[in-house]
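Counted from 1, the sequence shown has number 4 at position 4 by full-length UniProt numbering; the numbering is strictly sequential. Note that beta-carbon positions come from the ideal geometry of N, C-alpha and C, so glycine has one too. Have a look at the structure below before the remarks.
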Amino acid sequence: MDNKQQKSTVEKLKSQQTGNKKIIITGSILATIIALTPYLFYIYESVPDQPIWDTFFYTFESKNIESAQIVVWTATGKLVPLLLLCIWFLTCRHWWHHALLVPIIMYAYQLLGFALSDTYLFDEFELIHMVPFMAIIIPSIYLIRARIFNRLNTVDQSIQDLEDELTFKPKTLWGKIKQYF
Numbered sequence: 001m002d003n004k005q006q007k008s009t010v011e012k013l014k015s016q017q018t019g020n021k022k023i024i025i026t027g028s029i030l031a032t033i034i035a036l037t038p039y040l041f042y043i044y045e046s047v048p049d050q051p052i053w054d055t056f057f058y059t060f061e062s063k064n065i066e067s068a069q070i071v072v073w074t075a076t077g078k079l080v081p082l083l084l085l086c087i088w089f090l091t092c093r094h095w096w097h098h099a100l101l102v103p104i105i106m107y108a109y110q111l112l113g114f115a116l117s118d119t120y121l122f123d124e125f126e127l128i129h130m131v132p133f134m135a136i137i138i139p140s141i142y143l144i145r146a147r148i149f150n151r152l153n154t155v156d157q158s159i160q161d162l163e164d165e166l167t168f169k170p171k172t173l174w175g176k177i178k179q180y181f
């Protein structure tokens, strides 16, 4: 091997090690967040069972709901599944992962409705608001499925090979986020 080839091999190994470190750090952060979700859900137990919750940062006053604890319990009941679904969506490599957008949008809509609503009817989800999103997501998933099965019937490839071919694998977190917009 000449000197140039040795340098390029060393550079490739260094870049692979850097990439592996990033993967390990990102995976560790995600695993920690997932492992902490039961604690995040039960955070409402540290909130007082009264309409006014006075903290160091702010004073929260529950207007129509009798207890700040119920408000936090309801919010965490929406936030924790939304967080887990978003992690799943961003890390899933299967062809059907866009179907996860439907429950993500539903939880986000419920959370937004709860945050902006002063009534007890915050959880009455009107499906009509989901129709535009579902009108895009469901046909696109069906078309991907049809493309996979069309290729399965005409080519001698395994399902895993076809999924790998159809899967876009960005290298960075920003790339993963950017691929969906």
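Under the three-state reduction of DSSP, which class applies to residue i: helix, strand or coil?
i	result
TRP174	helix
TRP53	strand
GLU45	helix
So the candidates are the options; which of them puts its Cα closest to the Cα of residue i?
i	options	result
HIS98	LEU40, CYS86, TRP53	CYS86
LEU116	SER62, TRP95, LEU84	SER62
LEU100	ALA146, ARG93, PHE89	PHE89
HIS129	ILE105, PHE149, SER140	ILE105
LEU30	PHE60, LEU84, ILE144	LEU84
Just how far apart, CA to CA, sit residue i and residue j?
i	j	result
PRO38	THR32	11 Å
SER67	PHE57	19 Å
ILE70	GLY27	33 Å
THR55	TRP96	43 Å
PHE149	SER140	14 Å
ILE24	PRO48	39 Å
Is residue i a contact residue of the ligand ADP, with contact defined as CB to any heavy atom under 8 Å?
i	result
PRO139	Only the bare structure without any ligand can be found here, which leaves the ligand ADP out of the picture.
Measure the beta-carbon distance from residue i to residue j and round it to whole angstroms, keeping in mind my assumption that it falls under 8 Å.
i	j	result
VAL72	TYR44	4 Å
Contact the segment 65-81 vs the segment 103-113: 3+ CB pairs below 8 Å:
yes
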